[in-house]
Ligand code: SF4
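In the numbering used here, the protein residues as written are 757 to 1530.
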């Protein structure tokens, strides 16, 4: 989670230089202190902090213990040269003339790192000075109140300061910030000036691209959300990034977030900015690529604190210089950040987290804005950033969001952890164990869905979490991975249990495996079905949103699943492709229904071979499962041994996949067997003769099983479209994605064979792209 930062310019700087001079650099008390008073090492020792709710409750408890005349949440402001500081003080006791800064914590107060304590004092003293100005005070008592959310006890550290002392302190921090403030003001003015003159990097827009760009621009100007279906080949990334950059000055946007499902999407986003930079040589906009800790850590064998990792040691002392170096880069991508980080000996991962606060465009995975602990969303809310969100390949959002808001607890893993758990935790964990065993025993079937989560189990889980939290706080260097894994899984589970509702299922799956001598393994799962409730607040926090993909039909499905704001506009962009480029055939004599599948092998094999022999080249045959794939491939090899084949493997590393793709060349020929919905069913680009045809031997319908049937029933209850929302729409979206691999440019030609009689049904055809014109 990022620290709260609040940088905002006082006004749109696309004005005359004289007027610009009148504007100040607006900053929150918290950010002022973090930028100027935070020193020392990174310290990510396991020191559990209170949750947001615990923090809010803690503040409430402390302030409600005060006298009736005690004042809370006092808005304060102050100025120094071109810096305007604002914030809200936690509390003030007019009788005692005492300003209070309240901090909640868990564990042992004495273990709080000194640099954290210094930072808290800095914040309290700045508020105290702003209070002196507002109330015309000559001196004030300043109290730092530490509230332990577990024991409910307060520890007060009190000092009295004269207004002159506080003023000097305030001015000393602001003085340190003057150069930074100047630089930020100049950057924003320069950025907006450049953006207002920015030229589209190509001589002309492609078919459909202008319409797309205009719509994205308007959505940003009118503070709306947009769902865009646009086929490959129109230049969607540039068609969305460019208009948003153009809108930034007038819409007074602080940031654009370009969010992707896969790392290949991040590369597309970075390339769009590089293309703009290439044709506008002086163009400099701070563009940041966010990568995960796993992918950017330089010392995976170490922990993130000064005693363990050299890049954490003294991190905050070296951060300002690293920050300035990085912000001067043309592009803050992963490798550039690594270079700067190593030059300054700071952690690249935490450097990039800091840079997100000062960047204009941030490119990263969906989870940075949409998941439960999303740092870009938290930054947007805390700092009141005005952001525009772009969601690339948005058809992936439904599944990705479901996994963000689901949680699982395995009894086997819990039981193993319990057998080695510290003695101090045994008692509470044993009680949880008994409750879990009772749940297992009361369930007769192997899979069952419940309309509620056992209250007793939930309470015991909460008590266990609270005990483990305290234990971990007292043993900050503990490296018990089984305990930590259970703790994090249980935290997610307990958090989602609090908001359990119609949007999710709670189910228990019992396995045949036994745990120990007497118990049966089981998995408790909060399974999100409709992520709309969780995503809606995130979409609403943004100034505007644009979600785009080649497959967003029907739009009502995505509206319902994603919780898009009211009045979200749906735009179906005209395809740049000529129907003559693509021959679409339906094999009505084939049924891929599960029960009839064994009859389908031969006709599929003959049809694929016939097409290949008629027009040799590169083809992909998509099937619904690996078992089906194996059966069909064996038959194919027997009947047509002279036609080269390759097949997707169940497990393939990123390197294997890249190698697999490079073997599609302009001169290669053969049939590739792949699974629909797998790695080669979307987001691969095989233009020209690298791919001239696809066979889709499935409707892509998810397997009918107990879980999917439960989801279908829930969809039926909520939307009245259980089958469509669970099976049909997700299936057809995969089909259209896979078939979309064939035509990538306006010069491509190719063929698609849809191998199932159901493709002739009207309701199915309605879900296929209009330009296929079957
Ligand atoms: S380099 Fe790795 S271990 Fe060190 S602070 Fe960064 S993420 Fe943590």
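Each residue gets a CB set at the ideal place from its N, CA and C atoms; glycine is no exception.
Near residue i, which residues of its chain fall below 7 Å by C-beta distance, leaving aside the five closest residues on each side in sequence?
i	result
residue 1181	1223, 1224, 1227
residue 1127	1160
residue 1309	985, 1523
residue 1068	797, 798, 1060, 1061, 1062, 1103
residue 757	Its pLDDT being 31, under 50, residue 757 is placed unreliably in this model, and the value from its coordinates should be taken loosely. Excluding sequence neighbours, residue 757 sits near 1129, 1131, 1134.
residue 726	This structure does not reach residue 726, given that the chain is present from 757 up to 1530, and the question cannot be answered.
residue 1090	1045, 1047, 1052
residue 1424	1374
Report whether the distance from the Cβ of residue i to the nearest heavy atom of the ligand SF4 is below 6 Å.
i	result
residue 1354	no
residue 1054	yes
residue 1068	yes
residue 1099	no
residue 1557	As shown, the chain starts at 757 and ends at 1530. That puts residue 1557 outside it, with no answer to give.
residue 1049	yes
residue 1060	yes
residue 1072	no
residue 1105	yes
residue 1065	yes
Let's test the definition: count the other Cβ atoms within 10 Å of the Cβ of residue i and tell me whether it reaches 16, buried, or not, exposed.
i	result
residue 1119	buried
residue 1037	exposed
residue 1350	exposed
residue 1501	exposed
residue 1100	buried
residue 1479	exposed
residue 1418	exposed
residue 844	exposed
residue 1244	exposed
residue 1063	exposed
residue 1034	exposed
residue 1021	buried
residue 850	exposed
residue 1525	buried
residue 839	buried
residue 1175	exposed
residue 1468	buried
residue 1345	exposed
Within the same chain, show all residues whose beta-carbon is closer than 6 Å to that of residue i, passing over the 5 residues directly before and after it, in chain order.
i	result
residue 1141	1010, 1011
residue 856	846, 847, 899, 901
residue 1515	1342
residue 1267	1277
residue 1065	1055, 1058
residue 1520	1514
residue 995	965, 968, 969
residue 1510	1342, 1452
residue 1305	1149, 1150, 1151
Check whether the Cβ of residue i lies closer than 6 Å to any heavy atom of the ligand ZN, and answer yes or no.
i	result
residue 1300	In terms of ligand content, the structure shown lacks the ligand ZN and carries the ligand SF4 instead.
In chain order, what residues of the same chain have a beta carbon less than 8 Å from the beta carbon of residue i, not counting five sequence neighbours either side?
i	result
residue 1250	1214, 1217, 1218, 1221
residue 1371	1448, 1449, 1507
residue 778	Residue placement at residue 778 is flagged as unreliable, the pLDDT there being 47, under the threshold of 50; a coordinate-derived value is accordingly withheld.
residue 1499	988, 989, 1333, 1337, 1338, 1505, 1506
residue 1206	1262, 1263, 1264
residue 1375	1364, 1367, 1368, 1426, 1427, 1428, 1447, 1448, 1449, 1450, 1451
residue 1405	1412
Give me the DSSP bridge partner(s) of residue i.
i	result
residue 1061	799
residue 854	849, 897
residue 834	841
residue 1213	DSSP, once it has assigned bridges, lists no residue as partnering residue 1213.
residue 1345	DSSP, once it has assigned bridges, lists no residue as partnering residue 1345.
residue 1283	1261
residue 1266	1278
>> At 4 residues or longer, what runs of the alpha helix (DSSP H) sit wholly inside the segment 1486-1530?
In response: 1518-1521
>> Which complete beta strand (DSSP E) runs does the segment 1309-1339 hold, if anything under 3 residues is left out?
In response: 1325-1328
>> Runs of 3 residues minimum, wholly inside the segment 1104-1159: which ones carry the beta strand (DSSP E) assignment?
In response: 1117-1121, 1143-1147
> Which whole runs of the alpha helix (DSSP H) in the segment 1403-1433 are 4 residues long or more, in chain order?
Replying inline: 1410-1418
> Along the chain, which unbroken stretches of the beta strand (DSSP E) at least 3 residues long are found entirely within the segment 996-1061?
Replying inline: 1011-1016, 1043-1045
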